[in-house]
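Below is one structure, written out as structure tokens; the observations come after it.
2 protein chains.
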Amino acid sequence: MKLVQHPAEMTELATLWRDEGRTIALVPTMGSFHAGHLALMRQARQLSDQVVVSLFVNPIQFGPGEDLATYPCDLQKDMHLAASVGVDVLYAPLAADMYPPGFQTTIRVAELGKGLCGASRPGHFDGVCTVVMKLFQQASPHLAIFGEKDFQQLAVIRRMARDLDLPVAIIAHPTVREKSGLAMSSRNSYLQEEEIEQALCLYRAICFAREMVKASTVPLVAAEVCSKIIKNIQSTPGCDVEYVEIVDADSLKSCETVNKNSRLIMAVRVNRKVRLIDNAGLVEL
Amino acid sequence: MKLVQHPAEMTELATLWRDEGRTIALVPTMGSFHAGHLALMRQARQLSDQVVVSLFVNPIQFGPGEDLATYPCDLQKDMHLAASVGVDVLYAPLAADMYPPGFQTTIRVAELGKGLCGASRPGHFDGVCTVVMKLFQQASPHLAIFGEKDFQQLAVIRRMARDLDLPVAIIAHPTVREKSGLAMSSRNSYLQEEEIEQALCLYRAICFAREMVKASTVPLVAAEVCSKIIKNIQSTPGCDVEYVEIVDADSLKSCETVNKNSRLIMAVRVNRKVRLIDNAGLVEL
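If you read the protein sequences in the order shown, they are chains A and B. The opening position of the first sequence corresponds to residue 143 in this note's numbering, with each subsequent residue numbered one higher. The opening position of the second sequence corresponds to residue 143 in this note's numbering, with each subsequent residue numbered one higher.
Okay, structure coming up:
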């Protein structure tokens, strides 16, 4: 596996592959790989000739007071893990090369980026769109794989790709979970042992909502499901709900009743410091 | 020459050309071709294997109260003219195909798009960037040619291409002028005969400023040159200055003194209805 740091070198490699008729898959990440990342990489490996994994802790998608400075990082370990699943290039550009002096361009997906995480993280999805566009231009992938764990991000990127006619297939990979049900996340490393137990309130909410849907013979009122979940989570010591919503999986607009395209989507803060998100469809298809 | 209307067809053609190793030049236009457009097309013809001219009166770059509805349009004539200079494809997509329901993505170049025309046309350059990005993705050009007449647009597009790592060379074509000196513009067709005479105040300002620079042995104070020009233009019956500035050609920031990289840049309204722009370097290189 090759480590590439400079954008120009990445583009040169991608152009060479393209000229040889080889297909390219990109897995954009912020590093600190866990089994979820590795699952995306394995899927990329199956789907294309060349696999590029980008590793870039993108400063412009972090707000003031967020965890940019403390975001976990271990390049040596990440290189080892990426190589172990057959990645061809680990592309880890420097922020100074991604955003040189004078940089001033932003991409915004207006509606989809507004609510949910966008409400508490203004500008977050602008930063995500902008960096993903840059990575697409630099690595020239035929397809790019994103985890469903960041469901709003996936919807925003899909919309950007469609709206701007990007010649990149956006592929969703299901959320990978710990045995306990906790969605894998690099930010789980912030959790102390007893906090991991608290963090399970998210997965429990998913199971609870699915049971409710299963048990009901009529379509459930989404707001009622949400307020039950909020009550459950708030009763977990140290857990604060940022949002719990049931939305249409495509438009991310609130559902009145739970249907096949509904998605339960949540953000919770554990002990006021670690912000965790999770989401799931509620109706078995 | 082929007329292409559907984005998917344009992309298919471009992919075919790329696969054959052919280079593609794009000349983005809003139609109503004059000798300025044709000069850009001829340059494109010289620089690449395939020449695509896009013709799209882009609704999202017009503000309320602007001339979207009345913008001149003659497809038959434009087809004839484009064919006469060896254009391969005239690409004229429909607004409904460019911006289908649910479209919500915008590209903004923050600083460069703010002042000058951006001040009186909020959102204008966002619309320009967004459509140019779409055209780039659809037609996959190796190079794209823009007229210097729209100098701020050129600077904004250059910045977008650099910031987002677009693999497209942005080429500037000098402003083409009538014998009288009037910069060619589709909007000149709005002018009555006597208004054409009034519109010459722009070109006269350029000549005046150049003479001042030539005659001076010390660097001129930009603000003083501008206020003389404003006085001259305001004394032309029916002419109202929207802005007259001398800016750095790259940053578009105001110059204190006139230097080799200074650009005189102006917007004037003739008889309160026709808005005209012009610009020029002031120091002979």
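Quick reminder that beta carbons are idealized off the backbone N, C-alpha and C, glycines included.
Run through DSSP, which three-state label would residue 176 of chain B get? coil
Option nearest residue 421 of chain A by Cα separation, candidates A/358, A/365, A/349: A/349
Below 7 Å on C-beta distance, what does residue 280 of chain A contact in chain B? 307
Reduced DSSP secondary structure (H/G/I, E/B, other) of residue 350 of chain A: helix
Residues of chain A with CB closer than 7 Å to the CB of residue 249 of chain B, please, in chain order. Under the 7 Å cutoff, chain A gives 247, 249.
Tell me, to the nearest whole angstrom, how far the beta carbon of residue 272 of chain B is from that of residue 247 of chain B; I am working on the premise that it is less than 8 Å. 7 Å
Please list the residues of the stretch 256-282 of chain B that have a C-beta atom closer than 7 Å to any C-beta atom in chain A, keeping them in chain order. 275, 276, 279, 280
Going along chain A, which residues have a C-beta under 8 Å from residue 149 of chain B? 307
Residue 306 of chain A vs residue 183 of chain B beta-carbon contact at 8 Å: no
Confirm, please, whether the CB-CB distance from residue 227 of chain A to residue 263 of chain A is below 8 Å. no
Express the C-alpha separation of residue 336 of chain A and residue 244 of chain A in angstroms, rounding to a whole number. Straight-line Cα distance between these residues: approximately 46 Å.
List, in chain order, every chain A residue whose beta-carbon is nearer than 8 Å to that of residue 254 of chain B. 246
Give the interface partners of residue 301 of chain A over in chain B, defined as CB-CB distance under 9 Å, in chain order. 244, 245, 246, 247
Going by C-alpha distance, which of A/382, A/375, A/378, A/407 is nearest residue 390 of chain A? A/407
Return the chain-ordered list of same chain residues with a C-beta closer than 8 Å to the C-beta of residue 135 of chain B, the five sequence neighbours on each side being excluded. The requested residue 135 of chain B is not part of the displayed model; chain B covers only 143 to 427.
Note the first and the last residue of the continuous alpha helix (DSSP H) segment covering residue 300 of chain A. 293-305
So what does DSSP say about residue 391 of chain B, is it helix, strand or coil? coil
Express the C-alpha separation of residue 371 of chain A and residue 384 of chain B in angstroms, rounding to a whole number. 57 Å
What do you get for residue 236 of chain B, buried or exposed, if any count of 16 or more other CB atoms within 10 angstroms of its CB means buried? Per the 10 Å Cβ criterion, exposed.
As a quick exercise: from A/146, A/400, A/323, pick the residue whose alpha carbon is nearest that of residue 357 of chain A. Just measuring C-alpha positions, the residue of A/146, A/400, A/323 sitting nearest residue 357 of chain A is A/400.
Run through DSSP, which three-state label would residue 276 of chain A get? Helix at residue 276 of chain A.
Output the residue ranges of the alpha helix (DSSP H) runs that lie fully inside the stretch 337-384 of chain A and measure 4 residues or longer, sorted by chain position. When DSSP assignments are scanned along the stretch 337-384 of chain A, the uninterrupted stretches of alpha helix (DSSP H) that are 4 or more residues long and fall wholly within it turn out to be 343-357, 364-376.
From what residue to what residue does the alpha helix (DSSP H) around residue 219 of chain A run? 217-226
Within 8 Å, do at least three Cβ pairs link the stretch 169-176 of chain B to the stretch 320-331 of chain B? yes
Given a threshold of 16 other Cβ atoms within 10 Å of its Cβ, counted over all protein chains shown, does residue 359 of chain B qualify as buried or as exposed? Around the Cβ of residue 359 of chain B, a 10 Å sphere holds fewer than 16 other Cβ atoms; the residue is exposed.
Taking the alpha helix (DSSP H) that residue 160 of chain A falls in, what are its first and last residues? Unbroken alpha helix (DSSP H) run through residue 160 of chain A: 149-161.
By DSSP, does residue 266 of chain A sit in helix, in strand, or in coil? helix
Rounded separation between residue 285 of chain A and residue 424 of chain A - CA only: Rounded to the nearest angstrom, the two C-alpha atoms are 28 Å apart.
Closest by C-alpha distance to residue 418 of chain B, when choosing among B/152, B/209, B/155, B/193: Per the Cα distances, B/209.
Whole-angstrom Cβ separation of residue 347 of chain B and residue 375 of chain B, contact assumed at under 8 Å? At roughly 6 Å, the Cβ-Cβ gap stays under 8 Å, so residue 347 of chain B and residue 375 of chain B are in contact.
In the DSSP assignment, find the beta strand (DSSP E) that holds residue 252 of chain B and state where it starts and stops. Here residue 252 of chain B belongs to no beta strand (DSSP E), and DSSP marks it neither H nor E.
With 16 as the cutoff for other CB atoms within 10 Å, does residue 289 of chain B come out buried or exposed? buried
Could you work out which residue in A/242, A/216, A/298 is closest to residue 250 of chain A when comparing CA atoms only? A/298
Assuming residue 238 of chain B is part of the alpha helix (DSSP H), what are its boundary residues? 237-240
So, at 7 Å on beta carbons, what are the nonlocal neighbours of residue 201 of chain A in its own chain, with the 5 sequence-adjacent residues on each side left out? 210, 237
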